[in-house]
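Participant: Dropping a structure here in structure tokens format, bear with me for questions.
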Amino acid sequence: MKWYTVAAPSQDPSVSKSVKIHAEMLSSSVPTRITELIQRHGIKQLSDRTGISGVQIGRYGKGQSQPTAEKIIALAIAGGVTTQWLLCGEGEGLSVRDGGAIYDVSSREQDSQAIVKIVATLEELLSETGRGLSPTQKGETVAAFFDMYKLNASTLEDVVFRQLLKTYISASAR
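Using numbering that gives the first Met the number 0, you'd call the opening residue of the sequence shown number 0 and step up by one each time.
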């Protein structure tokens with residue numbers, strides 16, 4: 000079962016059950032990978048890079064609290080890993096420094112296309128949800144999702160990307 004099914008709830012009760020079970024499976028392994036990030040980078044460095052308190056990151060690592068989509072993205076970027084690895088353990092938990100070519104793979108044209116896609120999806124979701132973001136929030140959202148896109152370009156499914164962006168908007172617009 001692919002993890003993105005979490006983002007595709009259905010009115011069909013059998014689908015909802017499998018989605019719920021899968022979400023529980025995900026949540027039990029995320030703390031282990033957050034602990035790996037803590038061991039790799041140190042809690043203070045992760046805290047400084049993400050703006051999340053060290054105590055809260057520790058809670059995530061112990062499974063005492065579940066990070067929001069926004070926090071998962073911040074931790075993945077700060078830890079130099081993909082969100083797919085952090086959430087699912089799929090792919091490698093590459094350090095951006097170790098795999099520096101990650102950022103060099105895309106041409107300027109591909110980067111432009113990615114930014115256009117992010118902005119278009121953001122505007123569409125803001126319109127659908129009736130939510131608003133300040134220009135600063137929009138810029139931060141585009142920057143965060145561009146970084147995530149760069150780390151996950153080859154594996155990130157459109158439906159997953161759209162759901163993560165929608166969750167991020169909901170958290171930011173509060």
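C-beta atoms are modelled at their ideal positions from N, C-alpha and C, and glycine is treated no differently.
In whole angstroms, what separates the C-alpha of A73 from that of L150?
Facilitator: Walking along the sequence shown from the start, residue 73 turns up at place 74. Walking along the sequence shown from the start, residue 150 turns up at place 151. Cα to Cα, the separation comes out at about 12 Å.
Participant: With Y59 and I76 assumed to form a contact (beta carbons below 8 Å), what rounded beta-carbon distance in angstroms separates them?
Facilitator: By one-based count along the sequence shown, residue 59 stands at place 60. By one-based count along the sequence shown, residue 76 stands at place 77. 15 Å between Cβ atoms; not a contact.
Participant: Would you kindly work out how many angstroms separate the C-alpha atoms of T120 and T67, rounded to a whole number?
Facilitator: Translated into the one-based positions of the sequence shown, residue 120 becomes position 121. Translated into the one-based positions of the sequence shown, residue 67 becomes position 68. Going by the C-alpha atoms only, they are around 20 Å apart.
Participant: For D146, which of T81, K70, K137, I51 has the nearest alpha-carbon?
Facilitator: As a first step, residue 146 is located in the sequence shown; it is residue number 147 there, counting from the start. Nearest of T81, K70, K137, I51 to D146, Cα basis: T81.
Participant: Per DSSP, what kind of secondary structure is Q162 in: helix, strand or coil?
Facilitator: Residue 162 sits at position 163 when you count from the first residue of the sequence shown. In this structure, Q162 counts as helix in the three-state DSSP scheme.
Participant: From A143 to Q38, what distance separates their C-alpha atoms?
Facilitator: Within the sequence shown, numbered from 1, the residue matching residue 143 stands at position 144. Within the sequence shown, numbered from 1, the residue matching residue 38 stands at position 39. Taking the straight line from one Cα to the other gives about 24 Å.
Participant: Are the beta-carbon atoms of L125 and G131 separated by less than 8 Å?
Facilitator: Position 126 of the sequence shown, counting from 1, holds the residue named residue 125. Position 132 of the sequence shown, counting from 1, holds the residue named residue 131. Going by C-beta atoms, L125 is nearer than 8 Å to G131.
Participant: By a C-beta neighbour count over all protein chains shown, 10 Å radius and 16 as the cutoff for buried, is K174 buried or exposed?
Facilitator: There is simply no residue 174 to check, as the chain begins at 0 and stops at 173 in what is shown.
Participant: Leaving out five residues before and five after H40 in sequence, what residues of the same chain have Cβ atoms less than 7 Å from its Cβ?
Facilitator: Position 41 of the sequence shown, counted from the first residue, corresponds to residue 40. Closer than 7 Å at Cβ, skipping near neighbours: G78.
Participant: Could you compute how far the alpha carbon of A113 sits from the alpha carbon of T166?
Facilitator: If you number the sequence shown from 1, residue 113 lands on position 114. If you number the sequence shown from 1, residue 166 lands on position 167. In a straight line, the C-alpha of A113 is about 19 Å away from that of T166.
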